Amino acid sequence: MQENQRKTILSGITPSGRLHIGNYFGAMRQHLEFIEKGDAFYFIANYHALTSLRDGEKLADYTLDVAIDYLSLGLDPDRCTFFAQSDVPAVTELAWMLGTLCPVSLMEKGVAYKDKVAQGLAPNIGLFTYPVLQAADILIYHSDIVPVGADQKQNLEFSRDLAQKFNNNFEGDYLKLPEPHIVKEVAVVPGIDGRKMSKSYNNHIFIFDEGNVLKKKVMSIKTDAAALEDPKDPESCNVFSLIKLFAGSEKEQEIRDAYLAGGYGYGHAKKELLELISSFFEQARDRRRTFENRKDTVRDILREGGRKARARAGQVMAPVREATGIIRTHS
Ligand code: ADP
Ligand code: TRP
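Note that the sequence shown covers residues 31 to 361 in this note's numbering.
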């Protein structure tokens with residue numbers, strides 16, 4: 031295959047629910063910024079979502095919903111390859127091949143797997159081999175850089191490990207070892223109860239929450255019991271942690287000073303946060319209303335992205351099939 035000068039950037043997001051502001055600051059914002067830096071491939075990991083969501087109507091809805099969210103937040107489909115994972119079925123083929131080289135003991139080290147089982151999710155084979163499919167997602171496009179949140183670090187190590195095992199076994203540079211790009215500046219975004227914001231904890235603020243729903247969530251963010259007149263520590267306050275994400279540096283400093291001075295209550299801070307969130311996503315909300323009425327356009331965008339992604343995957347898979355001896359009698 032002709033080597034591309036530009037780096038290939040790839041990431042995926044699982045459509046197992048609506049997207050929240052933890053997803054935005056921890057993942058999506060970086061994805062949008064990375065489009066400038068190379069050939070970006072972003073996909074909606076609907077096969078992965080099946081490990082926890084088995085309701086066809088919901089999965090199809092969430093898949094389109096996540097696509098609309100990305101497009102509304104400014105992803106330009108003409109400047110990257112944006113598609114649904116399932117439009118490149120060869121990833122499941124590569125996942126199978128990688129699985130045959132993957133020791134069970136490697137997957138047994140999976141922290142995400144262990145966490146999910148600890149949370150009470152039934153340990154099915156899909157969940158267990160989730161990182162193998164993720165490796166196939168990455169390796170099938172010869173990805174160079176994979177921007178992800180810190181929780182994905184181990185999955186990236188598994189991907190490198192599996193690529194290496196494949197290349198060693200078949201004695202060639204069939205698969206490229208990807209580099210993770212872990213975003214360090216964004217600490218974990220707290221949810222309204224102060225734990226990591228997550229759809230599993232039901233403590234989220236969705237990116238496109240608005241009106242009373244948004245207000246109710248912001249007003250219920252957990253704070254300590256300090257009185258209005260008390261000086262307060264901004265750095266240990268959940269409301270302030272969120273304010274920092276949305277405010278410019280000047281506004282952030284102004285609110286920090288108000289916390290430290292006292293006479294500024296959590297109610298004030300929450301009102302400020304509510305306004306910041308509303309205006310931050312205002313444009314995106316407008317765009318979302320437009321896309322919601324143009325779902326066919328969204329499907330067309332995904333279809334076109336799928337076509338481009340399949341073409342790239344085909345180039346990587348041809349030598350992989352030859353090396354493994356998996357013959358195909360059709361194209
Ligand atoms: P959830 O915990 O809601 O199930 P996912 O695991 O689907 O979220 O996360 C998708 C992406 O969003 C990942 O790259 C992850 O690192 C990022 N992310 C999720 N929640 C947060 C958070 N609270 N803070 C920072 N990043 C997050
Ligand atoms: N596991 C990732 C998450 O939960 C989603 C994902 C699937 C992914 N395949 C990927 C991310 C490939 C990066 C590359 O966020």
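Beta carbons are placed, not taken as given, at the ideal position from N, Cα and C, and that holds for glycine.
Here the structure is a predicted model, which means the values were calculated and not measured.
query = Should V219 be counted as a contact of the ligand TRP given a C-beta to heavy atom distance under 7 Å?
reply = no
ask   = What's the C-alpha gap between L205 and F71?
value = 17 Å
inquiry  = In this structure, how does DSSP classify H360 when only helix, strand and coil are distinguished?
reply    = coil
query = Between the beta-carbon of Y143 and the beta-carbon of L163, is there less than 8 Å?
reply = no
inquiry  = Need the endpoints of the alpha helix (DSSP H) that V162 sits in, please.
reply    = 160-169
query = Is the beta carbon of T125 within less than 7 Å of some heavy atom of the ligand TRP?
reply = As written in the sequence, residue 125 is Ala, which differs from the Thr given in the question. Flag unset: Cβ of A125 not near the ligand TRP.
query = Where D191 and A120 are concerned, what is the direct C-alpha to C-alpha distance, given to the nearest angstrom?
reply = 20 Å
ask   = Are G221 and A57 close, meaning C-beta to C-beta below 8 Å?
value = no
task = Going by DSSP, name the residue or residues bridged to S309.
result = Answer is none; S309 lacks a bridge partner.
inquiry  = Threshold first: 4 residues or longer. Then list the alpha helix (DSSP H) segments lying entirely within the segment 209-257, N to C.
reply    = 241-249
query = Measuring from the CB of A57, is there a heavy atom of the ligand ADP at a distance below 7 Å?
reply = yes
query = If you measure from the CB of M227, is any heavy atom of the ligand ADP nearer than 7 Å?
reply = yes
ask   = T354 to V346, Cα distance in whole Å?
value = 13 Å
query = Could you give the distance in angstroms between the alpha-carbon of A79 and the alpha-carbon of P45?
reply = 6 Å
Under the three-state DSSP convention, the category V269 falls into = helix
ask   = K325 and M249 look like a contact to me (Cβ under 8 Å); what is the Cβ gap, rounded to whole Å?
value = With a Cβ gap of about 33 Å, K325 and M249 do not count as contacting.
Rounded separation between G335 and T130 - CA only = 29 Å
message = Among H172, H211, V243, N154, whose alpha-carbon lies nearest the alpha-carbon of D181?
response = H211
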